Amino acid sequence: MNRYPLWKNLLIGLILLWGLIYTLPNFYGEVPAVQVSSAKATVKLDPAAATDRVANALREAGIDNQGIFSDATSVRARFAGTDEQIRAKDAIERALNPDPQDPGYVVALNLLPASPSWLTAIHALPMYLGLDLRGGVHFLLQVDMPGALAKRLDSLSGDLRTVLRDKNVRHAGINREGESVHIRFRSEAERDAARSAIQASTADLQLTNRDDGAGDFRLVATLTPQALQTMRDFAIKQNIGTLHNRINELGVAEPVIQQQGAERIVVQLPGVQDVAKAKDILGRTATLEVRMVDDTPGALEQAMAGNVPFGTELYTERGGLPLLVKKQVVLTGDRLTDAQPGFDGQTHEPAVHLTLDAAGARIFRDLTRENVGKRMAILLIEKGKGEVVTAPVIRTEIGGGRVQISGRMSTTEATDVALLLRAGSLAAPMEIIEERTVGPSLGADNISKGFHSTLWGFIAIAVFMCIYYALFGVVSTIALAANLLLLVALLSLLQATLTLPGIAAMALTLGMAIDANVLINERIREELRNGSSPQAAIAAGYDRAFGTILDSNVTSLIAGIALLVFGSGPVRGFAVVHCLGLLTSMFSAILVSRMLINVIYGRRRKIDKLSIGQVWKPGN
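Residue numbers for the sequence shown follow the numbering used here, beginning at 37 and rising by one.
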């Protein structure tokens, strides 16, 4: 009557074994490490070569390591203590960056899991710990919206010049004054013609007339409220995307990057030890520029001899060849709306497909029409230094705002170039207005308090259950331990971030999980009071309590999902643990405890009494 088939027992046992294996990495802690990644957006890190160089640098410095690991974007070396970690950072920095003014690699302090290699091989990794548990750094960044607006208006000034030139409308000057663009005319007819031309080309501007007398006719252009809001939203979203790409260089496992208010961004970097390096990476300002290559005969040789011609700069292409580029910027990344990797329709070679806005399309059309057969260079300018992303030859006039870059490019390179062009720069400058550092010791103290609160809560529940329900209480306690084991395993497998609110949710889950066993045990007692046999009471107790347990957990799950959908920050962390805990509690309270009871009582046909505590019968 109360026996599971063998396959069901084996399945439950395998699930518990899986939970134990994926929980283990959380008990090994973390060790100090040094991470190496590329410091230049146009230079891709070669993991194999970088690993050899790091190993050689450590060997020459006489520093022991506990393993060197690599992935597609970085190389990490583990060490026994912080002293070796700091010495190793200096040694690797000297070996990889001989010129400190122009570093080719980012060498940052970090922490790595200390799990054995066999656990890492099966992707059994510890949970990510939030800033309040692991320590790290918290930044509050203010986005310079006035600066973004000024940048947008300067761009609009150039667009308006292009529109009026294309429509053959004469003007006496275009200037940005404050938050508006002023266009001067010598006659009212010219102003009316300009108004019609501008309104036909864009709907983002409000146009008003202003006459200052003495033949000074002005047209004042300001951005519409909708265009202003779109600009703000775009600036925030692009900055957040760019910050994500930059923080990847630090190797932060689970950074928190989110908008706060209208013009601020919160950045939390758990586990980051090198705060100065983090500030340096977050504070970068990069822009994309399109310039023409100077192909004047003899100019390149002259530049390589040390006499760079006036109005030009000497760069190096991706293949290492020198390139002489004119200083005049003909197009900036502001005009780029999208960049995607793809293939050339004719040669089927890897290519990058660019999409420009209306003004960028007009500029690019004129540029390519006037420079067929010449080369143009696309540069990423960062910290005052430029890197050539690509330098294609202009084959024909390109109109319509759809541009293709191809030639001598692999599929991986095309993907990398598209990423650089799409999210290489900030839409608006940012300033760090608040900085908080949470030390590892404070995080360890929080972990200790959270762990002890959960432990003592578990012990208190276990003592009560064992005293009040005897053997059934012991089984309920084992099921509760299985619930906690599976919850930690799930959080580790999903690589969720555990914070202090998450630990609170874990402690709450213990109380809610044991409630299901209380319902089952009380239902079994009720069946015994009504005269049912022990075997029948066990079967009826589990079967009839299931509906109540399901209803209770579903209603709690609905509340948890609402917190997950509408909450943010610590609330979401609480909700994730709460929802997962409800699912694991259903499994452990019903299936694990039933399996144990079946093992204890299911093999006996006749049972005189169940060890479930005092069963009070009517009339006693």
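Ideal Cβ placement from N, Cα and C applies to all residues, glycine included. Quick caveat, the model's predicted, so the values are computed rather than measured.
Per-residue DSSP class, three states only, for residue i
i, result
"L599", "helix"
"A113", "strand"
"K44", "helix"
"N634", "helix"
"H384", "coil"
"P358", "strand"
"D82", "coil"
"T368", "strand"
"I276", "helix"
"N656", "Only weak support exists for where N656 lies, its pLDDT of 48 falling under 50; the coordinates are left without a value."
"G172", "strand"
"V651", "coil"
"S592", "helix"
"A298", "coil"
"R472", "strand"
"L403", "helix"
"N204", "coil"
"S73", "strand"
"R38", "Checking the sequence shown, residue 38 turns out to be Asn, not Arg. The answer is coil: DSSP assigns N38 none of H, G, I, E or B."
"K125", "helix"
"F379", "strand"
"P333", "coil"
"I483", "helix"
"S569", "coil"
"L50", "helix"
"D374", "strand"
"Q304", "strand"
"V408", "coil"
CA nearest to the CA of residue i, picked from the options
i, options, result
"T620", "V607, I48 and I483", "I48"
"C615", "I633, N634 and N589", "N589"
"M328", "G342, T348 and M340", "T348"
"Y637", "D587, S191 and S569", "S569"
"R559", "R580, M548, R411 and A540", "R580"
"M622", "V601, F610 and F582", "F582"
"G140", "R130, N146 and P149", "R130"
"E66", "L523, A85 and L147", "L147"
"A93", "P465, R123 and T59", "R123"
"A108", "T118, P83 and V612", "P83"
"V143", "I158, K125 and K421", "K125"
"L241", "R227, L279 and Q262", "Q262"
"R659", "E433, L200 and D252", "The displayed coordinates of the chain run from 37 to 656. Any statement about residue 659 would go beyond what the structure contains."
"L264", "A480, I283, L192 and D248", "L192"
"G475", "I483, I468 and G617", "I483"
"G55", "L155, L167, L618 and V524", "V524"
"D202", "A395, R39, C502 and T404", "A395"
"I514", "L527, I495 and S528", "I495"
Sheet register partners of residue i (DSSP bridge)
i, result
"L147", "P68"
"M181", "According to DSSP, which records beta bridges pairwise, M181 is partnered with nothing at all."
"F610", "Beta-bridge pairing links F610 to no other residue."
"L259", "L241"
"T432", "Note: T432 sits in no beta bridge, so no partner."
"A413", "R327"
"N343", "Note: N343 sits in no beta bridge, so no partner."
"N211", "H218"
"D190", "DSSP, once it has assigned bridges, lists no residue as partnering D190."
"F105", "R112"
"H389", "Q376 and Q440"
(request) Could you tell me whether the region 504-523 touches the region 624-637, where touching means 3 or more Cβ pairs closer than 8 angstroms? (result) yes
(request) Spell out a yes or no on whether the region 387-403 and the region 359-378 are touching, meaning 3 or more CB-CB pairs, one atom from each, closer than 8 angstroms. (result) yes
(request) Return the chain-ordered ranges of every alpha helix (DSSP H) run that is complete within the region 485-552 and spans a minimum of 4 residues. (result) none
(message) Does the contact criterion of 3 or more C-beta pairs under 8 angstroms hold for the region 494-510 versus the region 202-213?
(response) no
(request) Taking 8 angstroms as the threshold, find out whether the region 486-495 comes into contact with the region 525-544 through three or more Cβ pairs. (result) yes
(request) Would you be able to state if there are at least three C-beta pairs under 8 angstroms between the region 98-114 and the region 59-71? (result) yes
(message) Across the region 325-345 and the region 183-194, are there enough close Cβ pairs to call them in contact, namely three or more that are closer than 8 angstroms?
(response) no
(message) Below 8 angstroms, how does it come out for the region 418-435 and the region 335-348: are there three or more Cβ pairs, yes or no?
(response) no
(message) For the structure I just gave you, are there three or more beta carbon pairs, one from the region 175-184 and one from the region 298-306, closer than 8 angstroms?
(response) yes
(message) With a threshold of 8 angstroms, are at least 3 pairs of Cβ atoms found where one atom belongs to the region 213-221 and the other to the region 401-415?
(response) no
(request) Could you tell me whether the region 215-228 touches the region 252-260, where touching means 3 or more Cβ pairs closer than 8 angstroms? (result) yes
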